[in-house]
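Chemist: Supplied in structure tokens, the structure appears directly below.
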């Protein structure tokens with residue numbers, strides 16, 4: 001049996017996590033070192049750090065030790081799991097397995113079909129949000145052994161949220177869908193001079209969605225959507241949402257295309 005570490009030991013290990021997070025590069029190199037350092041804060045059997053891709057609407061694992069089927073669930077299905085809306089509340093912090101209501105666990109394919117067969121009895125899932133409110137990714141930690149209570153690792157993980165977010169939200173090369181074609185002079189141009197995010201919002205407008213629906217789909221706040229809509233109308237010199245949506249249809253812009 002592993003020796004229980006003192007709170008001082010855990011806090012010291014947290015400093016190593018912060019240093020590892022600072023060293024993580026823009027393409028995810030070094031994120032595995034962050035997870036390795038995190039194992040000194042909270043012992044685990046499986047863990048992963050995943051980045052949210054708002055264009056492809058899926059998670060991308062930057063580092064992890066889950067089996068392939070569990071990793072695939074985190075990447076492509078976790079954001080549809082009944083537990084995810086509870087996880088995604090920015091005010092919540094991490095959601096520990098022991099704190100999830102039994103009724104919700106019973107309805108969760110992620111627990112019933114993925115974690116339970118692995119013998120998982122405890123752990124935490126924590127959504128990560130940038131300072132501007134964007135959802136950028138998540139931490140998943142799972143163990144086959146129940147954690148002791150009170151557990152100092154709970155508070156320390158909360159303190160590490162900013163560092164973990166920075167490791168996940170490092171700038172990366174834009175995916176192909178986000179790169180606009182150059183004009184003959186070699187200058188990058190997009191329809192109406194819109195940014196990639198504004199093109200996403202415009203595509204959702206063309207589909208007839210409300211600000212709240214767009215916010216849910218793009219994992220941003222309705223207020224942020226409203227700001228994007230204002231910018232879109234100004235750039236397109238459009239009098240209203242319907243006119244902007246009509247412009248999008250004329251350009252062939254739709255959610256699947258963007």
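Numbering (full-length UniProt numbering), first residue to last: 1 to 258. Glycine included, every Cβ here is placed at the ideal spot set by N, Cα and C. Source: prediction; values computed, not measured.
1. For residue 147, which residues of its own chain have a beta-carbon under 6 Å away from its beta-carbon, when the five flanking residues on both sides are left out?
2. Comparing the CB of residue 34 with every heavy atom of the ligand ZN, is any distance shorter than 6 Å?
3. Are the beta-carbon atoms belonging to residue 49 and residue 139 less than 7 Å from one another?
4. Where residue 17 and residue 246 are concerned, what is the direct C-alpha to C-alpha distance, given to the nearest angstrom?
5. Helix, strand or coil: which one does DSSP assign to residue 177?
6. Quick one, which of 31, 250, 42 has its alpha-carbon nearest residue 13's?
7. Where do the N-terminal and C-terminal ends of the beta strand (DSSP E) with residue 143 fall, by residue?
8. Beta-carbon within less than 7 Å of residue 58's beta-carbon, same chain only, minus the 5 sequence neighbours each way: which residues are those?
9. Grouping DSSP H, G and I as helix and E and B as strand, with all else coil, what is residue 124?
10. Looking at the secondary structure, which residues open and close the beta strand (DSSP E) in which residue 48 lies?
11. The beta strand (DSSP E) spanning residue 58 covers which residue range?
12. Using only alpha-carbon positions, find the residue among 195, 251, 222 that is nearest to residue 234.
13. Excluding the 5 residues flanking residue 24 on each side, which residues of the same chain have their C-beta closer than 7 Å to its C-beta?
14. Kindly indicate which three-state DSSP category residue 160 falls into: helix, strand or coil?
15. Please report the straight-line C-alpha distance between residue 70 and residue 55, rounded to a whole angstrom.
16. Would you decide whether residue 248 is buried or exposed? Buried here means 16 or more other CB atoms lie within 10 Å of its CB.
17. To the nearest angstrom, how far is it from the Cα of residue 201 to the Cα of residue 250?
18. Nearest to residue 127 by alpha carbon, out of 78, 117, 109?
19. What do you reckon, are the CB atoms on residue 211 and residue 222 nearer than 7 Å?
20. Using only the alpha-carbon positions, how far apart do residue 134 and residue 118 sit?
21. Which ranges does the alpha helix (DSSP H) cover as unbroken runs of at least 4 residues, wholly within the segment 205-242, from first to last along the chain?
22. Less than 8 Å between the CB atoms is what I'm expecting for residue 124 and residue 102, so what's the real figure, rounded?
23. Which class does residue 95 belong to by DSSP, given the choice of helix, strand or coil?
Modeler: Checking against the coordinates, here is how it stands:
1. Locating residue 147 in the chain shown gives position 147, where the first residue counts as 1. Hits under 6 Å: 122.
2. By its list of ligands, the structure shown contains no ligand whatsoever, and the ligand ZN lies outside what it can speak to.
3. Mapped onto the chain shown, residue 49 falls at position 49. Mapped onto the chain shown, residue 139 falls at position 139. Yes, they are a contact pair.
4. Here residue 17 refers to the residue found at position 17 of the chain shown. Here residue 246 refers to the residue found at position 246 of the chain shown. So the two alpha carbons sit approximately 49 Å from each other.
5. To locate residue 177, count along the chain shown from 1; it is residue 177. Residue placement at residue 177 is poorly supported in this model, since its pLDDT is 39, which falls under 50; the coordinates are not used for a value here.
6. Start at 1 with the first residue of the chain shown, and residue 13 comes out as number 13. Cα-wise, what sits closest to residue 13 is 42.
7. The sequence position of residue 143 within the chain shown is 143, counting from 1. Unbroken beta strand (DSSP E) run through residue 143: 135-143.
8. Along the chain shown, one-based indexing puts residue 58 at 58. The residues are 75, 76.
9. The residue labelled residue 124 in the question sits at position 124 within the chain shown. Residue state, collapsed to three classes: strand.
10. Sequence index remark: in the chain shown, residue 48 carries index 48 (1-based). From DSSP, the beta strand (DSSP E) with residue 48 extends over 46-53.
11. Your numbering for residue 58 matches position 58 in the chain shown. 58-64 is the extent of the beta strand (DSSP E) around residue 58.
12. Position 234 of the chain shown, counted from the start, is the residue given in the question as residue 234. The shortest Cα separation from residue 234 among 195, 251, 222 belongs to 195.
13. If you number the chain shown from 1, residue 24 lands on position 24. Same-chain partners within the cutoff: 30, 31, 34, 167, 170.
14. Translated into the one-based positions of the chain shown, residue 160 becomes position 160. Assignment of residue 160 by DSSP, reduced to helix, strand and coil, places it in the coil class.
15. Taking the first residue of the chain shown as 1, we reach residue 70 at position 70. Taking the first residue of the chain shown as 1, we reach residue 55 at position 55. Roughly 22 Å between the two C-alpha positions.
16. By one-based count along the chain shown, residue 248 stands at place 248. Buried: at least 16 other Cβ atoms inside 10 Å.
17. Position 201 of the chain shown holds residue 201. Position 250 of the chain shown holds residue 250. Cα to Cα, residue 201 sits roughly 16 Å from residue 250.
18. Mapped onto the chain shown, residue 127 falls at position 127. Considering only 78, 117, 109, the residue with the shortest C-alpha distance to residue 127 is 78.
19. Numbered from its first residue, the chain shown carries residue 211 at position 211. Numbered from its first residue, the chain shown carries residue 222 at position 222. In contact: residue 211 and residue 222 (Cβ atoms closer than 7 Å).
20. By 1-based counting over the chain shown, the position of residue 134 is 134. By 1-based counting over the chain shown, the position of residue 118 is 118. When rounded, the distance between both Cα atoms is 32 Å.
21. Listed in chain order, they are 211-218, 222-236.
22. By 1-based counting over the chain shown, the position of residue 124 is 124. By 1-based counting over the chain shown, the position of residue 102 is 102. For a cut-off of 8 Å, the C-beta gap from residue 124 to residue 102 is around 17 Å, too long to register as a contact.
23. Start at 1 with the first residue of the chain shown, and residue 95 comes out as number 95. Residue 95: strand per DSSP, three-state reduction.
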